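Taken in order, these protein sequences are the chains called C and H.
Using this note's numbering, read the first sequence as starting at 1 and increasing by one per residue.
Using this note's numbering, read the second sequence as starting at 1001 and increasing by one per residue.
All C-beta atoms in this analysis are idealised placements derived from N, C-alpha and C, irrespective of residue type, glycine included.
Keep in mind the model is a prediction, meaning the values are calculated, not measured.
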Amino acid sequence: MNTNTAPQRAPVVSRSITRLALTAQISGGGLEGRRFPHLSRPVLILCGLTFIALAGCHPHPARADHHVLRWGGDAEGGAPFVEADPADPSRVRGFDVEIAGMIAHGLGREPRFVQVAWSSIEASVERGDFDIGLSGVEDRPELRERHAVSIPYYEFHEVLAVRRADSARFRTLADLRGHRVGTLGATGAYRILVDEGARDGVIPISYDDDVHPYADLVAGRLDAVLLDDIIAQRSLRREGGFVIQPTPVATGHYVAVFARADSLLRDSANAVLRARMADGSLKRTFEAWHVWTDAEARYFTGVVSRPVASAAAPSASPSSVVAYLPGLLRAALITLVLSCLAMALAVATGLALAAGRVYGRPIVAGACAVYVEVVRGTPVLLQLFVLYYGLSGVVRLPAFAAAVLGLGLNYAAYESEIYRGALLAVARAQLEAARTLGLSELQIFRLIRGPQALRLALAPMTNDFVALLKDSSLVSVITVVELTKQTAIYATNVGSWVVPGALCGVVYLAFSLPLARVAGYLERRWRIA
Amino acid sequence: MTHPPSRIAVEPALVVRDLRVRRGTRDVLRGVSFDVAPGTIAALMGTSGAGKSTILRAVAALEPFDSGSIEVGAATLNAGPTPPESRLRDLRARVGMVFQSHALFEHLTALENVTLAPIHVHGWPAERANARARELLDALGVGARSGAHPRQLSGGEMQRVAIARVLALDPMVLLMDEPTSALDPARRGALAATLRRLADDGRALVVATHDVEFARATADRVAALAEGCIVEKGRAADVLVSPAHPATRELLRAHAVAS
Chain C
1 MNTNTAPQRA PVVSRSITRL ALTAQISGGG LEGRRFPHLS RPVLILCGLT FIALAGCHPH
61 PARADHHVLR WGGDAEGGAP FVEADPADPS RVRGFDVEIA GMIAHGLGRE PRFVQVAWSS
121 IEASVERGDF DIGLSGVEDR PELRERHAVS IPYYEFHEVL AVRRADSARF RTLADLRGHR
181 VGTLGATGAY RILVDEGARD GVIPISYDDD VHPYADLVAG RLDAVLLDDI IAQRSLRREG
241 GFVIQPTPVA TGHYVAVFAR ADSLLRDSAN AVLRARMADG SLKRTFEAWH VWTDAEARYF
301 TGVVSRPVAS AAAPSASPSS VVAYLPGLLR AALITLVLSC LAMALAVATG LALAAGRVYG
361 RPIVAGACAV YVEVVRGTPV LLQLFVLYYG LSGVVRLPAF AAAVLGLGLN YAAYESEIYR
421 GALLAVARAQ LEAARTLGLS ELQIFRLIRG PQALRLALAP MTNDFVALLK DSSLVSVITV
481 VELTKQTAIY ATNVGSWVVP GALCGVVYLA FSLPLARVAG YLERRWRIA
Chain H
1001 MTHPPSRIAV EPALVVRDLR VRRGTRDVLR GVSFDVAPGT IAALMGTSGA GKSTILRAVA
1061 ALEPFDSGSI EVGAATLNAG PTPPESRLRD LRARVGMVFQ SHALFEHLTA LENVTLAPIH
1121 VHGWPAERAN ARARELLDAL GVGARSGAHP RQLSGGEMQR VAIARVLALD PMVLLMDEPT
1181 SALDPARRGA LAATLRRLAD DGRALVVATH DVEFARATAD RVAALAEGCI VEKGRAADVL
1241 VSPAHPATRE LLRAHAVAS
């Protein structure tokens, strides 16, 4: 990675510095303008040489384009942050898009959008996938410890949304003791809920997007949603059916995030941001997107008049593994229970499907075959979404039940094929012999065909259970926090995947290895037969 | 069930009348009729594809037939689709079949293969079924192998377990499909002796085979099949010594060449 980033970043710095002088002059002589003039010349020469030396063997042509500022955001986050332009879906629009444009142009470069999942923005910017992460990224201490972070360019409030009927009952988080409160996972709001949950007994429910919490609030699956006021207002306009409590639970800020080593780019971006705050163009952008308020105006005034704080030296704080263990173990238990229940459902349904295909009349066999093909031919993720959100108008399944049902019914299709194959593999002569002995069809199934098919199905079933164990991580999309999700939350908190990833892997192995051993033992035992 | 001790039949145990089977455009059986008396070993002879196995399978109610009838004592099978098992109880109790592949239940021991039907079809207590099964396995010379699974048995042992499994239900008609295909000459002689003993107990045995030597040594009656018809039938001593039909002669000639 280092060999990749060095030649590409160095010119970025140089360019931003030459540009800085200009910016500083325009804005009346900023502090940054005087900070680096002695650096610019050697840096420029060094970078120029490095660039020439390495330009010929650059692995990534796009990266060599230093007229471009790559910025990462999540268009799934939607307006007013970043959304696909309805007029031209190949383009994006939103206030973050405009801010990215301001920064890029301020640095004399062209902005280029890179789509990235919101929760991966920080990891991606650190990897060097793009130069700036900018998509409603929330300021928080851990972020500053691990990355270079811009000045906050917008102040938001965490607000509570509740159903209209509950507006008098649930005014603050403290009123929501024992109630389910939803939010977007890995956000400041989620952390508030987890802390409150520990203190006040609020039950935090994590979502992978910011639309479904409000849908579930209206549907009655949640009693409140805690999220940024921008998001709450947007959902209120689009869907309605709830009210926003006027007193904010907390205040937060949106920032742009840079790789930790990119503090020079960050400093130059900061200069651009300040200039745009001062000249009113940032204000006009927010006005255009209907998120400009009096409070925002006061906040801007404060930022512009405040002297620039020197960038605090980033320091990685050692996080205690022990603190996360109870959460991980609980999540591991959820994964295990969820997988066992889903597998039980898959086995039972799979047996019924296989029996339908092997023994059923043509119409029954056909229906079973259609089920198997449809379920196998579509992603389990889609099935989970349909089951949990799509059917919520008809039947409002609790998340855990929907997860068991979704995984179980999906795996049933695969199990049924195993059983069908195993049933067909039992020699026909044995079944005929059983018939001539006078056994009924049911007895033949129970005493002859079933037991032999089970022996044949055991190995592939074990395989499937191990796969199911891992696929159970998908249910985090419908708010079930299982082992992988909990690990992701943990990894976000500590800023590293090394320890959480290893722990998580050990737990999965601890589940799957004994299973393989038991299956191996049974197979050996039965093989003498 | 009692059988007349004599080999001279008063009433046939098995009556097959005008059996016709059509599969697609092919006539597998074209009007086959024969009787088998209790205490008799009847050999159905013919080259492969002549229809021997189809006759056995029709008698065992494993395959439907298009016209004709099959009578086993009071149980009658008529043309048309195979009736549901609930209406085949009488027939199942009277007819036993030993498959060419033996078709032992692979997940069960030899003993369990024999006790399965007595326990689950006839509701015998396990002790009684076990005692009877041991008796049969001992009589057939595989008593020492009663705890073994089919995969651990030789071809001859499997066959004797399969015979014991059928005998546990004491059928009056015993069908055997190519019983000598997996046996060495010494075992063939032992099998012939076993079958004679079973016939002497008053059973009617129908053996589908193309093994002329075995038929000559074992059968009382022979029916020679060619292209779905019985071309010649009569006492084994007559048919297998001085055949009248060219197809039978061909069968004997082929056998003589082979040996």
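With its beta carbon at least 8 Å from every one in chain C, leucine 1140(H) lies outside the interface. It is roughly 7 Å from the alpha-carbon of phenylalanine 300(C) to the alpha-carbon of methionine 277(C). The Cβ of leucine 1062(H) sits closer than 8 Å to at least one Cβ of chain C.
Chain C places a beta carbon closer than 8 Å to that of phenylalanine 1105(H), counting this residue as a contact. Contact of arginine 455(C) with chain H by beta-carbon distance below 8 Å involves His1107. Residue ranges of uninterrupted beta strand (DSSP E) with 3 or more members, entirely inside the segment 166-226 of chain C and ordered along the chain, are 180-184 and 203-207. Below 8 Å, too few C-beta pairs join the segment 450-470 of chain C and the segment 1134-1144 of chain H to call them touching: fewer than three. Annotated as proximal: glutamate 482(C) and leucine 338(C), with beta-carbon spacing under 8 Å. Counting only runs that start and end inside the segment 1210-1257 of chain H, the beta strand (DSSP E) elements of at least 3 residues fall at 1221-1226 and 1229-1235.
Pairing methionine 1176(H) with tyrosine 414(C), the inter-Cα distance amounts to about 41 Å.
A straight line joining the alpha-carbon of valine 291(C) with that of tyrosine 324(C) spans about 37 Å. Distance between valine 1072(H) and leucine 1091(H), taken at the CA atoms: about 7 Å.
For the segment 423-448 of chain C, the residues whose beta carbon sits under 8 Å from a beta carbon of chain H are, in order, Ala427, Ala429, Gln430, Glu432, Ala433, Ala434, Arg435, Thr436, Leu437, Gly438, Leu439, Ser440, Glu441, Gln443, Leu447 and Ile448. DSSP, reduced to helix, strand and coil, places arginine 1017(H) within a strand of the structure shown.
The three-state reading of DSSP puts histidine 1122(H) in coil, since its state is none of H, G, I, E or B.
Going by beta carbons, valine 1121(H) and leucine 328(C) fall outside the 8 Å limit. The three-state reading of DSSP puts threonine 251(C) in strand, counting E and B together. Taking the CA atoms as reference points, leucine 69(C) sits about 59 Å from valine 364(C). Just so you know, the alpha carbons of glycine 220(C) and alanine 75(C) end up roughly 28 Å apart. Annotation for glycine 356(C): the continuous alpha helix (DSSP H) segment containing it runs 321-359. Nearest in C-alpha terms to threonine 335(C), of all of Glu239(C), Pro141(C), Leu184(C) and Asp471(C), is Asp471(C). For the set Leu1104(H), Ala1193(H) and Gln1100(H), the Cα lying nearest the Cα of glycine 1141(H) is the one of Ala1193(H). A direct Cα-to-Cα measurement between glycine 178(C) and proline 379(C) gives close to 35 Å.
At a cut-off of 8 Å, the C-beta of proline 379(C) has no neighbouring C-beta in chain H.
In summary, glutamate 1178(H) is buried, with 16 or more beta-carbon neighbours lying within 10 Å of its beta-carbon over all protein chains present. Taking the CA atoms as reference points, threonine 1040(H) sits about 39 Å from glycine 450(C).
Straight-line measurement puts the Cα of valine 1114(H) at about 27 Å from the Cα of isoleucine 1070(H). When Cβ-Cβ separations below 8 Å define contact, proline 451(C) makes contact with chain H. Taking CB atoms only, leucine 1183(H) has no neighbour in chain C less than 8 Å away.
Only residues of its own chain outside the window of five on either side were considered, and among them Gly72, Gly73, Asp74 and Ala75 have a CB closer than 8 Å to the CB of glutamine 115(C), listed in chain order. Residue environment: glutamate 1011(H) is assigned as exposed (fewer than 16 neighbouring CB atoms within 10 Å of its CB, all protein chains considered). Under the criterion of beta carbons closer than 8 Å, threonine 285(C) and phenylalanine 95(C) qualify as touching, at roughly 5 Å.
In this structure the segment 174-189 of chain C lies against the segment 197-208 of chain C, because at least three pairs of beta carbons, one per stretch, are closer than 8 Å.
In the DSSP assignment, methionine 1176(H) falls within the beta strand (DSSP E) that extends over 1173-1177. Excluding the 5 residues flanking it on each side, alanine 1217(H) has same chain C-beta neighbours closer than 6 Å at Ala1192, in chain order. A Cβ-Cβ contact shorter than 8 Å links valine 137(C) with valine 257(C).
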